[in-house]
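Inspection log for the structure reproduced underneath, given as structure tokens.
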DNA sequence: TAGATTGTTAATCGATTAACAATC
DNA sequence: TAGATTGTTAATCGATTAACAATC
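Residue numbers (full-length UniProt numbering), protein chains in the order written: chain Z, 1 to 212; chain A, 1 to 212.
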């Protein structure tokens with residue numbers, strides 16, 4: 001269950017970072033940690049750490065602190081549910097797709113890559129991260145049969161726009177989007193995580209050119 | 001010059017998006033646009049659009065709206081300065097590095113790729129996006145000679161940690177970081193733009209598993 | 001018990017939105 | 001001029017930080 005009536009996006013975005021740090025702490029053999037220690041490591045405040053955890057009911061012991069393994073497990077449960085990995089397809093098998101496919105497949109992330117699609121016939125039958133690359137025109141049939149829940153888009157802008165409506169109709173509700181286009185504006189029924197490389201690079205440029 | 005005493009990060013992060021939309025509008029032949037039209041396209045409010053532009057002095061005409069080309073040029077000047085492209089090196093020439101190198105090289109982003117580095121001898125002498133791949137141990141000499149301003153890291157976590165101090169000492173002050181580690185905590189003198197694929201994927205997972 | 005540290009409420013800060021006067 | 005739309009100030013909203021009572 002959990003208390004989280006409606007957890008804000010900033011809190012959600014911090015969960016993976018907590019999880020990473022706790023994983024490191026655990027590997028280092030640390031057993032308990034205080035909110036202020038954790039905050040210091042993460043570059044934030046003890047208040048924020050405690051506020052964040054209390055969105056989910058609070059995982060600590062007053063006067064003592066947080067048990068690293070308990071905290072890690074609780075956040076892990078939030079991020080990965082019961083451990084059931086989300087069936088996922090990748091669309092676009094270029095260099096970016098190839099790099100991204102290895103992120104998806106790493107079981108630590110909670111996803112299971114079940115299909116890779118492209119329009120380039122040279123790639124058909126080859127494998128990517130252990131999954132065969134299939135022609136994009138077979139996507140509809142594939143979805144009807146295997147019911148992927150998440151699509152990862154590593155395609156050009158126009159292809160993403162063209163694809164989005166199809167994805168919705170195929171029952172996909174989550175998109176990890178690397179295209180140059182924000183799908184969530186047009187498709188509010190999709191949960192979209194945008195990784196906008198162009199925007200990211202341009203805003204770095206602004207900050208470098210306009211320092212102090 | 002410009003008015004921007006201190007523009008907030010949320011505003012900066014929106015600039016590339018404005019720029020993209022204005023580029024599209026311009027290509028479509030649209031000559032003027034109102035804050036409310038632009039807001040509607042971008043999924044925000046007219047108030048925010050006007051507030052954002054007024055961080056930089058305001059680019060519109062009261063009663064009329066904004067001239068698309070003027071606005072685009074002004075935002076372009078903010079993002080790309082006088083057009084001088086930032087000399088940039090890429091470290092890590094794997095699949096991710098390869099995909100990322102094409103983003104850097106696209107002249108629309110304001111960067112100029114001048115060197116690619118890796119530790120894999122099989123890659124030395126080959127090219128990536130038209131730039132030769134060099135051994136990482138020559139990085140120091142290269143920086144002394146060519147003075148890159150920006151480093152793009154497509155390397156594993158530990159390598160990024162090991163590299164960060166060197167980069168600072170070589171005079172690099174901007175990092176586009178794809179590694180599993182946030183350098184800005186330890187090196188406040190660096191302007192870092194993190195693209196954290198693992199975190200991004202995990203927080204998508206949270207949102208999918210905890211809908212409504 | 002005294003000290004430490006959480007859980008939780010209250011205060012602050014900053015970003016977004018609304019309102020409206022200025023002006024094209 | 002009247003209508004439209006910006007520039008800018010004021011109000012609201014939400015997120016972060018501070019404070020402190022609860023409790024281990």
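We put the CB at the ideal spot given by N, CA and C, even for glycine.
Item: Kindly indicate the opening and closing residues of the alpha helix (DSSP H) around residue 39 of chain Z.; Value: 35-42
Item: Report the residue from A/174, A/101 and A/141 whose alpha carbon sits nearest the alpha carbon of residue 187 of chain A.; Value: A/174
Item: If we define contact as Cβ-Cβ less than 8 Å, is residue 193 of chain A a contact residue for chain Z?; Value: yes
Item: Apart from the five residues on each side of it in sequence, which residues of its chain come closer than 6 Å, Cβ to Cβ, to residue 143 of chain Z?; Value: 170
Item: Got a sec, what are the start and stop residues for the beta strand (DSSP E) residue 191 of chain A sits in?; Value: 191-194
Item: Got a sec: is the Cβ-Cβ distance from residue 185 of chain Z to anything in chain A below 8 Å?; Value: yes
Item: Consult DSSP for residue 138 of chain A and reduce its assignment to one of helix, strand or coil.; Value: helix
Item: Candidates A/61, A/196 and A/21: which alpha carbon is nearest residue 179 of chain A's?; Value: A/196
Item: Beta-carbon separation of residue 134 of chain Z and residue 116 of chain Z under 8 Å?; Value: yes
Item: Residue 177 of chain Z bridges to which residues according to DSSP?; Value: Z/153 and Z/194
Item: How many angstroms separate the CA atom of residue 92 of chain A from the CA atom of residue 109 of chain Z?; Value: 23 Å
Item: Chain Z beta carbons: is any one of them nearer than 8 Å to that of residue 34 of chain A?; Value: no
Item: Could you tell me whether the Cβ atoms of residue 114 of chain A and residue 87 of chain A are closer together than 8 Å?; Value: yes
Item: Can you list the residues of chain Z that residue 150 of chain A reaches, using a CB-CB cut of under 8 Å?; Value: 204 and 208
Item: Buried or exposed: where does residue 203 of chain A fall if 16 or more other Cβ atoms within 10 Å of its Cβ makes it buried?; Value: buried
Item: Let me know if residue 20 of chain A comes out buried or exposed under the rule of 16 or more other beta-carbons within 10 Å of its beta-carbon.; Value: buried
Item: When DSSP labels each residue in this structure, what does residue 1 of chain Z get in the three-state scheme?; Value: Reliability of the predicted coordinates at residue 1 of chain Z is poor, the pLDDT of 32 falling under 50, and no value is obtained from them.
Item: Just to confirm my understanding: we take residue 32 of chain Z, look at its own chain, exclude 5 residues before and 5 after, and list those with CB closer than 8 Å. What are they?; Value: 64, 65, 66, 67 and 68
Item: Using beta-carbon positions only, say whether residue 160 of chain A and residue 183 of chain A come within less than 8 Å of one another.; Value: yes
Item: Rounded to whole angstroms, what is the Cα-Cα separation between residue 53 of chain A and residue 59 of chain A?; Value: 7 Å
Item: Give the DSSP-derived three-state secondary structure of residue 172 of chain Z in the structure shown.; Value: coil
Item: Can you name the residues of chain Z whose CB is closer than 7 Å to the CB of residue 199 of chain A?; Value: 16 and 17
Item: How many angstroms separate the CA atom of residue 85 of chain A from the CA atom of residue 74 of chain A?; Value: 17 Å
Item: Are residue 177 of chain Z and residue 189 of chain Z close, meaning C-beta to C-beta below 8 Å?; Value: no
Item: Report buried or exposed for residue 155 of chain A, applying the criterion of at least 16 other Cβ atoms within 10 angstroms of its Cβ.; Value: buried
Item: Please tell me whether residue 133 of chain A has its Cβ less than 8 Å away from any Cβ of chain Z.; Value: no
Item: Alpha carbon to alpha carbon, how far is residue 209 of chain A from residue 147 of chain Z? Give it in angstroms, no decimals.; Value: 16 Å
Item: List the whole-angstrom C-beta distance separating residue 79 of chain A from residue 206 of chain Z, where the pair is believed to meet the contact cut-off of C-beta under 8 Å.; Value: 5 Å
Item: From residue 149 of chain Z to residue 16 of chain Z, what does the alpha carbon distance come to, in whole angstroms?; Value: 21 Å
Item: Output, in chain order, the set of chain Z residues within a Cβ distance shorter than 9 Å of residue 129 of chain A.; Value: Under the 9 Å cutoff, chain Z gives no residues; its nearest Cβ is about 11 Å from residue 129 of chain A.
Item: Is any beta-carbon of chain A found at less than 8 Å from that of residue 123 of chain Z?; Value: no
Item: Counting only Cβ pairs nearer than 9 Å, list the residues of chain Z close to residue 12 of chain A.; Value: 203, 206, 207 and 210
Item: Output the distance between the C-alpha atoms of residue 125 of chain A and residue 112 of chain Z, rounded to the nearest integer angstrom.; Value: 37 Å
Item: Per DSSP, residue 6 of chain Z forms a beta bridge with which residues?; Value: In the DSSP output, where bridge partners are listed per residue, residue 6 of chain Z has none listed.
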